[in-house]
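Quick notes on the structure that follows.
In full-length UniProt numbering, the protein residues as written are 1 to 169.
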């Protein structure tokens, strides 16, 4: 039983460390994943595995660690829903990247968003030039939302089409 308390304490410590690390390194890392980011996530998960379960590499040790992680995540989400101050502390605020066609170079630099990344997001929203962007925001989930400079200020949307093959029976 003592080993499971150790797994619980280790798992809580790793979870809290990961939350702090994501807050420090920024929300952009959450949605703008490239190959290096995926490799980083895989290596981090591998490196912290032993920190959570210690010497217990049994099925029950892994399930105990996973259960603790799910429980902590559930509790944190409930606390964020119930307490606005805690939610504000845990979440970052949306950031303005472009306003009326003018890039906010200070924000872009601080957030490490390259011109290529910004142009990619614009193309996904059907826009080619910065002057066509009324408002571009880095949202709290790491996505870039863009509102075009049309007079009616409708939000442009670009959805990737998923081609489904018809199955012939």
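Even for Gly, the Cβ is constructed at its ideal location relative to N, Cα and C.
Residue interval of the beta strand (DSSP E) (run including residue i)
i: residue 199; result: With the chain represented from 1 up to 169, any question about residue 199 goes unanswered, as that position is not in the structure.
i: residue 96; result: 95–99
Option nearest residue i by Cα separation, candidates the options
i: residue 49; options: 103, 21, 77 and 7; result: 7
i: residue 124; options: 16, 144, 106 and 137; result: 144
i: residue 23; options: 131, 91 and 148; result: 91
i: residue 135; options: 115, 66 and 102; result: 102
i: residue 216; options: 108, 117, 105 and 100; result: Because the chain in this structure spans residues 1 to 169, residue 216 falls outside the shown range and cannot be described.
i: residue 119; options: 111, 84 and 130; result: 130
i: residue 121; options: 138, 111 and 105; result: 138
i: residue 47; options: 70, 17 and 59; result: 17
i: residue 56; options: 42, 40, 2 and 81; result: 2
Beta-carbon spacing of residue i, residue j below 8 Å
i: residue 127; j: residue 113; result: no
i: residue 51; j: residue 75; result: no
i: residue 12; j: residue 72; result: yes
i: residue 140; j: residue 94; result: yes
i: residue 79; j: residue 86; result: yes
i: residue 68; j: residue 61; result: no
Where the alpha helix (DSSP H) through residue i begins and ends
i: residue 128; result: Segment: none, residue 128 is in no alpha helix (DSSP H) and carries neither H nor E.
i: residue 72; result: 59–82
i: residue 91; result: Segment: none, residue 91 is in no alpha helix (DSSP H) and carries neither H nor E.
Simplified DSSP assignment, three categories, for residue i
i: residue 161; result: Low per-residue confidence applies at residue 161: pLDDT is 39, beneath 50, and the placement is therefore not dependable enough to give any value.
i: residue 20; result: helix
i: residue 112; result: coil
i: residue 102; result: strand
i: residue 14; result: helix
i: residue 168; result: In this predicted model, residue 168 has a pLDDT of only 46, less than 50, meaning its place in the structure is not dependable; the value taken from the coordinates is given anyway. Three-state DSSP puts residue 168 in coil, outside helix and strand.
Beta-carbon contacts of residue i that lie in its chain and below 6 Å, excluding the five residues immediately before and after
i: residue 4; result: 64
Beta-carbon proximity list for residue i, same chain, < 7 Å, skipping 5 on both sides
i: residue 9; result: none
i: residue 107; result: 95, 96 and 97
Residue-level contact to chain D via CB, residue i, 8 Å cutoff
i: residue 50; result: Absent from the structure is chain D; it holds one protein chain and no more.
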